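Following: one structure in structure tokens, then a few remarks.
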Amino acid sequence: MGLLEVIEVVDVHLDLCDKASQTFKVSLKWKPRTHRQSWSLPIWTPGSYTIRDHVQYLHSLNISQASNDRQVQRIGPSGWKADLDTLDLVTLSYVIEARQLTVRTCYLDPDVASLCLAAAVMEIDGQRWAPHCLTLALPAGWNAYVPLPGEETFWAKDFDHLVDAPVHAGCFVSQPFVVKKSSHQLLCIGDPPMGWPANLVNDAIAVCNATCCLMDEPPPAGDLYQLVIHMLEIGYGGLEHDYGAVLHYSWRALAEPDGYRKLLQLIGHEYLHQWNVRRLRPREYRPYDYSQAVISDGLWFAEGVTSYLDLTLPFLAGLSDRSTLLKDLSVEFSPLLINPGSQLQSLSDSSREAWVKLYKATPASADSQVSYYKLGAAMAFCLDVRLRQQNSSLTQVLRDLWRKFGRSHRGYSRLDIKAAIAKIDPNTANKVDAWLDQPDSLPLISIVKDLGLRFEERYSNKRETGLTLVEREGLVLVSRVAISSQAHHAGLVVGDELLAVGGFRLRKVDDLCKLISNEQPVSITYSRRGRLSETALFSGLPQVDHWEIVIDPEAPSELSNLRDRWFQII
Ligand SMILES: [Zn+2]
1 MGLLEVIEVV
11 DVHLDLCDKA
21 SQTFKVSLKW
31 KPRTHRQSWS
41 LPIWTPGSYT
51 IRDHVQYLHS
61 LNISQASNDR
71 QVQRIGPSGW
81 KADLDTLDLV
91 TLSYVIEARQ
101 LTVRTCYLDP
111 DVASLCLAAA
121 VMEIDGQRWA
131 PHCLTLALPA
141 GWNAYVPLPG
151 EETFWAKDFD
161 HLVDAPVHAG
171 CFVSQPFVVK
181 KSSHQLLCIG
191 DPPMGWPANL
201 VNDAIAVCNA
211 TCCLMDEPPP
221 AGDLYQLVIH
231 MLEIGYGGLE
241 HDYGAVLHYS
251 WRALAEPDGY
261 RKLLQLIGHE
271 YLHQWNVRRL
281 RPREYRPYDY
291 SQAVISDGLW
301 FAEGVTSYLD
311 LTLPFLAGLS
321 DRSTLLKDLS
331 VEFSPLLINP
341 GSQLQSLSDS
351 SREAWVKLYK
361 ATPASADSQV
371 SYYKLGAAMA
381 FCLDVRLRQQ
391 NSSLTQVLRD
401 LWRKFGRSHR
411 GYSRLDIKAA
421 IAKIDPNTAN
431 KVDAWLDQPD
441 SLPLISIVKD
451 LGLRFEERYS
461 NKRETGLTLV
471 EREGLVLVSR
481 VAISSQAHHA
491 GLVVGDELLA
501 VGGFRLRKVD
511 DLCKLISNEQ
521 PVSITYSRRG
531 RLSETALFSG
541 LPQVDHWEIV
551 IDPEAPSELS
561 NLRDRWFQII
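Structure below.
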């Protein structure tokens with residue numbers, strides 16, 4: 001007969017009708033190629049580099065052929081296999097508990113479904129690169145939004161394409177918006193008490209347009225891009241996808257003076273990820289291995305460069321000004337100057353150790369680790385200033401890497417980044433290894449000075465104890481003790497419950513500074529492992545709370561000229 005090939009498809013069906021149970025049924029159907037068939041659930045979600053063991057929310061697994069159940073053998077925490085008598089169509093079904101409301105997990109309640117399919121759909125051995133076809137059974141009156149081609153049946157070219165597509169469903173409607181002639185969809189989920197910002201659509205368009213100007217081309221997702229903003233009481237997060245982004249933001253944060261600008265920066269951050277990280281990706285993540293942690297020293301470029309540039313997007317969009325941009329950079333860089341972690345952990349190690357450190361950080365982590373988002377943004381800033389001095393820019397390097405490694409979906413390595421920088425500035429390219437691998441090696445303070453700017457310290461109005469406290473279930477607990485601080489010398493440790501200060505009951509975190517208003521030592525009554533004790537706590541003068549980047553009025557004109565060029569960003 002000839003050349004006709006039967007395209008084999010994996011059918012994926014999600015049944016969301018039992019919404020009140022906060023569970024949904026998954027069934028997959030496919031034609032097996034071998035009699036021994038294995039399959040597994042991803043243990044992590046791309047974009048969020050830590051093991052999440054999504055399988056903990058899975059139960060009632062069954063596999064059948066022609067209505068006959070087949071015996072299943074577990075081969076790992078997230079993997080199974082079955083020996084099949086025939087190569088007839090296989091049906092695999094199971095239930096997912098959907099009670100985790102994050103951008104990287106699954107959530108379902110009587111009003112809304114927000115599903116990250118990497119946490120729900122099995123990878124069938126041998127079928128990863130086969131087309132996957134998605135259908136949904138929805139509660140009455142619900143609409144579904146999936147950034148995949150199709151209307152009732154959605155088509156993904158392979159497993160990666162499918163699990164990268166977030167599924168949202170409920171009674172809400174989407175709003176169209178256009179960026180560089182591509183029509184996108186905006187889904188606003190939730191009801192902030194003050195209402196949604198009146199200019200959100202127009203300002204989001206301006207920020208997305210500015211992002212396209214940075215990359216000098218229209219959005220690679222084209223007409224499929226779907227921006228989902230879920231406005232919650234508490235929560236913050238974003239997850240990038242090839243054809244959209246899911247954002248969680250809190251209306252409490254939105255009501256803060258900088259809250260709306262930070263939301264626009266988050267929108268821009270995820271929009272820029274269409275290029276940097278989704279399609280232009282560290283080589284280690286091409287393709288993704290969903291079965292284990294995959295370390296890379298390139299996450300600083302993926303997240304640090306994106307974090308640096310996202311701060312500039314409202315400014316580039318005409319929604320902010322120079323002094324606000326300097327303020328935002330100050331907030332980003334200030335922790336690097338204050339927390340000791342940047343003296344211990346290098347930027348490349350922060351990237352590699354994301355799996356076990358950044359995503360599991362506690363307040364005490366500030367003493368031993370540094371965020372590759374923040375230090376990566378500082379690295380991006382330093383590179384940008386150095387490249388400006390050669391009449392170029394970081395965005396030029398990003399576009400160069402995009403053309404070589406992004407459009408073709410090849411991964412990049414550190415050598416590729418260094419080569420792109422070396423074409424413009426070999427001296428700076430030679431410094432990249434040290435800045436990445438040696439803790440505390442980035443000359444941030446001197447590079448800020450090169451722009452005719454300087455860091456100025458701002459002091460706290462509270463007396464210093466070195467204690468960081470947290471309220472949990474009505475208890476005031478120590479969450480960090482700064483090294484060599486007064487609290488350290490008083491013998492307090494993380495986990496101690498503070499009960500009283502100078503004989504007065506402590507109920508709230510803020511009570512502490514009210515009760516230690518002078519230099520006299522105070523007695524602290526605390527509970528450790530259920531036993532009460534007392535210690536004397538001294539307090540010191542207020543310490544530096546944060547650093548601000550300000551314009552140096554005495555800077556020579558060549559520095560202020562460089563600063564003017566740097567403010568062009570692109
Ligand atoms: Zn990001």
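The sequence shown: position 415 = 415 (the numbering used here), numbered continuously.
Don't be surprised by glycine CBs; every beta carbon is placed ideally from N, CA and C.
Source: prediction; values computed, not measured.
What residue from the options has the CA that sits closest to residue i's CA?
i	options	result
D297	S291, P282 and N143	P282
V494	R529, G376, T45 and G304	R529
F315	R261, V478 and R458	R261
G170	D203, W402, H230 and H54	H230
Q389	N427, F504 and V476	N427
Q543	Q520, A482, A302 and L117	A482
Y290	V9, Q185, I124 and A82	I124
K31	H54, V90, T23 and A82	V90
S523	D510, L506 and R531	L506
D510	H489, D88 and V470	V470
Q127	Q37, L136, L101 and L186	Q37
V294	L138, A434 and Y285	Y285
W402	P219, K431 and S342	P219
A364	A354, T525, S527 and N339	N339
P139	L117, L108 and A118	L108
R463	A20, D85 and D545	D545
C116	R74, A245, Y308 and L326	A245
W80	H409, W142, D223 and V55	V55
T535	R410, V476 and H489	H489
Please tell me whether residue i and residue j are closer than 8 Å, where the distance is taken between their beta carbons.
i	j	result
I549	S320	no
Y249	L272	no
Y243	T50	no
E240	V277	yes
T468	L537	no
D406	D552	According to the sequence provided, residue 406 is Gly. The question's Asp does not apply to it. Contact flag unset, no.
G268	T211	yes
W251	E270	no
R99	Q22	yes
L186	Y145	no
M379	W300	yes
S346	L436	yes
L264	L313	yes
Y372	A361	no
Helix, strand or coil for residue i, going by three-state DSSP, please let me know.
i	result
P340	helix
K25	strand
M231	strand
W566	helix
F172	coil
H488	helix
W44	coil
G2	Residue confidence is low: G2 scores 42 on pLDDT, short of 50, so the model does not pin down where it sits. Its coordinate-derived value is still stated next. Coil.
A82	strand
G411	strand
I424	coil
F455	strand
Y94	strand
V277	coil
Q71	coil
I447	helix
So residue i and residue j are supposed to be a Cβ contact under 8 Å. How far apart are they, rounded?
i	j	result
D384	L394	4 Å
V12	V121	6 Å
Q226	P147	4 Å
H132	V95	Contact doesn't hold; Cβ gap of about 20 Å is too wide.
I63	R52	At roughly 24 Å, the Cβ-Cβ gap does not stay under 8 Å, so I63 and R52 are not in contact.
D450	L562	7 Å
S539	I516	5 Å
L134	A156	7 Å
K180	N209	7 Å
D440	Q343	5 Å
V26	L14	6 Å
Y412	L280	7 Å
V228	A130	Contact flag wrong, Cβ pair sits at about 27 Å.
Quick one: is residue i near chain D, going by C-beta distance under 8 Å?
i	result
L475	Absent from the structure: chain D. Only one protein chain is present.
*asked:* Assess contact between the region 190 to 209 and the region 250 to 270, defined as three or more Cβ pairs (one per stretch) separated by less than 8 Å. Is contact present?
replied: yes
_Validate contact between the region 415 to 422 and the region 440 to 449 using beta carbons, cut 8 Å, 3 pairs_ = no
*Counting Cβ pairs closer than 8 Å, one from the region 203 to 211 and one from the region 149 to 156, do we hit at least three?*
no
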